[in-house]
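Chains as they are written, first to last, in the numbering used here: chain A, 1 to 139; chain B, 1 to 139.
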């Protein structure tokens, strides 16, 4: 059985690319710079049920993606979460939060209504993220 | 400068014990079995800013704590998150969620009002957690 992305995740996101373990997605919500990592492991549901090597790789990928967002966006805070109450397929949110954003200081999940990106703003963010991921800062 | 727990975290929780890196706390909210890990690192704010060894240790501790909650409580889902929008001191939530709980399927943060434990229920949960943490399942 091969990996396939949950259709609800697919419907709400745009693909950015493939990391070593995870598919990287952009939540199509212009209110929050919001990435989602989905490990390509069939049936994975809980972060803690991954084997130790996959857990470590996923943490490395979360770190890389979070640092790219910090470099590109200088958020006030990152929110990192594996919830899965609605979509059980294991996925990890990495969200750049700002004191001025639409949900601050509350969580983004369930806050208001998703606002899909305008094409130009989306392309600009994706280009910036791809560049930050390709040339990560040292450390 | 030595580590000290953020007073807001201290006010909302009860101490369970000390792990290798983190102080383990029980959120004093009888609606959700909800643990919080606080790495004893002065000034830590973002998970991704920890050095690689501390990140790995924290992930191990999250895994151990999550497995103890699974063993003891058989939740429908674990929610694992580092948010910190309100309390910037780095802390990681590990929450046992049930399809019948007061916030399902939404997140617990900002949902209704905290309901402190009755003494007996709290002691029972703490005793169960300490036993599950002392005798973790293999794997």
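All residues carry an ideal CB built from backbone N, CA and C; glycine is no exception. Small disclaimer: the values here were computed from a predicted structure and weren't measured.
With 16 other Cβ atoms within 10 Å as the buried cut-off, status of residue i
i: residue 181(A); result: Residue 181(A) lies beyond the stretch modelled for chain A, which goes from 1 to 139, so this question has no answer here.
i: residue 123(B); result: exposed
i: residue 18(A); result: exposed
i: residue 13(A); result: buried
i: residue 42(A); result: exposed
i: residue 116(B); result: exposed
i: residue 1(B); result: exposed
Proximity of residue i and residue j at Cβ, strictly below 8 angstroms
i: residue 79(A); j: residue 95(A); result: yes
i: residue 114(B); j: residue 29(B); result: yes
i: residue 24(B); j: residue 65(B); result: yes
i: residue 93(B); j: residue 34(B); result: yes
i: residue 9(A); j: residue 89(A); result: yes
i: residue 121(A); j: residue 111(A); result: no
Which listed residue (the options) has its alpha carbon closest to that of residue i
i: residue 130(A); options: 91(A), 81(A) and 72(A); result: 72(A)
i: residue 36(A); options: 50(A), 59(A) and 52(A); result: 59(A)
i: residue 62(A); options: 106(A), 21(A), 101(A) and 10(A); result: 21(A)
i: residue 67(B); options: 104(A), 11(A) and 46(A); result: 46(A)
i: residue 49(B); options: 77(A), 3(A) and 32(A); result: 77(A)
i: residue 125(B); options: 104(B), 70(B) and 106(B); result: 70(B)
i: residue 75(A); options: 133(A), 106(A), 39(A) and 32(A); result: 32(A)
i: residue 133(A); options: 4(A), 11(A), 16(A) and 3(A); result: 16(A)
i: residue 44(A); options: 100(A), 106(A) and 4(A); result: 4(A)
Residue i - containing beta strand (DSSP E), residue span
i: residue 111(B); result: Taken as a continuous stretch (DSSP letters only), residue 111(B) belongs to no beta strand (DSSP E), as it is neither H nor E.
i: residue 14(A); result: 13 to 18
i: residue 82(A); result: 77 to 82
i: residue 96(B); result: 92 to 97
i: residue 23(A); result: 22 to 27
i: residue 39(A); result: 34 to 39
Where the alpha helix (DSSP H) containing residue i begins and where it ends
i: residue 69(B); result: 52 to 73
i: residue 133(A); result: 119 to 134
Cβ distance (whole Å) where residue i is taken to contact residue j below 8 angstroms
i: residue 81(A); j: residue 81(B); result: 4 angstroms
i: residue 109(B); j: residue 83(B); result: 7 angstroms
i: residue 39(A); j: residue 54(A); result: 7 angstroms
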